[in-house]
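Residue numbers 0 to 257, in numbering that gives the first Met the number 0, belong to the letters of the sequence shown in order. For reference, the structure is listed below as structure tokens.
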Amino acid sequence: MAGVVASGLGVVVVVPVLLGLHQRSRRRLVRALAERAERAETEQELRADQARLEERARLAGEMHDVVTHRVSLMVLQATSLRTRAPDEDVRAAAEEIRVVGRQAMRELRDLVGVLRSQDQVGTALDDKADVLDVSDLVADSRSAGIAVELATDGEPLPAEPAVRRTAYRIVQEGLTNVHKHAPGAEVRVRVRYDDGWIHLTVRNTPSSRAPDVELGAGGTGLEGLRQRVDLVGGRLRASPRPEGGFELEAALPADGRP
């Protein structure tokens with residue numbers, strides 16, 4: 000009889016204890032799940048913010064590389080037409096194009112600066128930019144009155160898309176800078192494929208005359224190039240030449256290794 004009573008008392012004591020432990024464990028579990036859900040939501044918001052910043056930077060890079068390049072050519076051609084056209088109406092129209100183009104350049108630089116204000120590095124997604132198409136860039140420069148020679152050495156490599164785009168942008172930036180700062184210069188563009196690497200050179204002689212129009216230094220072109228080149232594990236060098244002129248050189252691994 001005493002044993003039964005003791006057992007009953009044990010049950011009376013143990014069951015509430017177990018229930019209490021269960022309730023505390025359940026509350027801890029609920030809190031942990033709530034905290035985990037909150038962390039997941041915060042992480043998702045951070046990822047979304049990061050994606051938006053990267054998209055802003057990507058757009059800034061593409062605007063500088065594509066739009067600014069084209070507007071620069073437009074302004075230079077309008078300036079040349081303004082000074083050389085025999086017809087007064089044509090000269091007036093060219094001057095209007097030049098003024099509007101310069102204003103567009105200033106607004107583009109301001110917008111690029113705003114988009115890049117978070118110092119984020121975006122990845123170019125313009126599939127039309129490919130190192131195999133640098134001949135189109137050369138043709139555009141020739142049509143704008145720049146003497147450009149293109150040399151290609153070796154067989155094109157099966158490079159990663161990001162590497163091909165970066166190579167294209169390097170040549171584009173080099174030619175754009177010649178248009179802006181070295182009118183009358185002779186330019187040599189070289190693309191060399193060797194042992195898993197793409198080597199690029201844009202080299203120009205000294206300018207033979209002052210720029211027809213001041214397009215502004217900008218400052219985002221080479222900075223953006225360095226970011227692109229770093230992302231694909233390449234090397235970039237930009238420097239004046241001892242004999243005058245300027246040289247832009249890059250080496251990019253075809254596999255885009257970091």
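C-beta: ideal position from N, C-alpha, C; glycine also. The structure displayed is predicted, hence computed values, not measured ones.
Backbone CA spacing between residue i and residue j [nearest angstrom]
| i | j | result |
| --- | --- | --- |
| R202 | A91 | 35 Å |
| Q76 | V70 | 10 Å |
| P279 | Q43 | There is no way to answer for residue 279, as the model of the chain reaches only from 0 to 257. |
| T258 | T200 | Shown here, the chain extends from 0 to 257; a query on residue 258 therefore has no answer. |
| R240 | A250 | 18 Å |
| A166 | A143 | 22 Å |
| I96 | E154 | 42 Å |
| A84 | R234 | 44 Å |
| Q226 | L32 | 41 Å |
| D86 | A93 | 11 Å |
| A39 | R30 | 14 Å |
| V228 | S24 | 54 Å |
| D132 | P160 | 13 Å |
| V190 | S207 | 25 Å |
Proximity to residue i [Cα-Cα], best of the options
| i | options | result |
| --- | --- | --- |
| V74 | R83, D86, V98 and V66 | V98 |
| V66 | E34, R168 and T151 | R168 |
| A158 | A237, Q22 and I197 | I197 |
| R141 | D132, Q226 and L72 | L72 |
| H68 | R101, S238, G195 and G153 | R101 |
| S134 | S207, L230, V170 and A103 | V170 |
| V147 | E172, G173 and V188 | V188 |
| D139 | A184, T151, T175 and E154 | T175 |
| L221 | R236, S79, Y192 and V231 | R236 |
| I145 | D193, S79 and A128 | S79 |
| L156 | Y192, T165 and R164 | Y192 |
| E185 | L149, A36 and S238 | L149 |
| G232 | A253, D132 and S238 | A253 |
| G223 | R208, D194 and G173 | G173 |
| R164 | A128, V137, G195 and L136 | A128 |
| G195 | R26, R256 and R35 | R256 |
Buried/exposed call for residue i, threshold 16 Cβ in 10 Å
| i | result |
| --- | --- |
| E162 | Just to set this straight, residue 162 is Val in the shown sequence, not Glu. Looking at its Cβ environment, which holds 16 or more other Cβ atoms inside 10 Å, V162 is buried. |
| T82 | exposed |
| Q22 | exposed |
| V130 | buried |
| V89 | exposed |
| L28 | exposed |
| G217 | Reliability fails at G217, whose pLDDT of 48 lies under 50, so the model's placement of it is uncertain and no value is given. |
Coarse secondary structure for residue i, derived from DSSP in three states
| i | result |
| --- | --- |
| S206 | coil |
| L224 | helix |
| L80 | helix |
| D139 | helix |
| L156 | coil |
| E242 | coil |
| V74 | helix |
| V231 | coil |
| I197 | strand |
| R256 | coil |
| A128 | coil |
| A262 | There is no way to answer for residue 262, as the model of the chain reaches only from 0 to 257. |
| A184 | coil |
Closer than 8 Å to chain E by CB, residue i
| i | result |
| --- | --- |
| M73 | Within the model displayed, chain E is absent; a lone protein chain is all it includes. |
Q) Counting Cβ pairs, one atom from each stretch, are 3 or more of them under 8 Å apart for the stretch 167-187 and the stretch 237-245? A) yes
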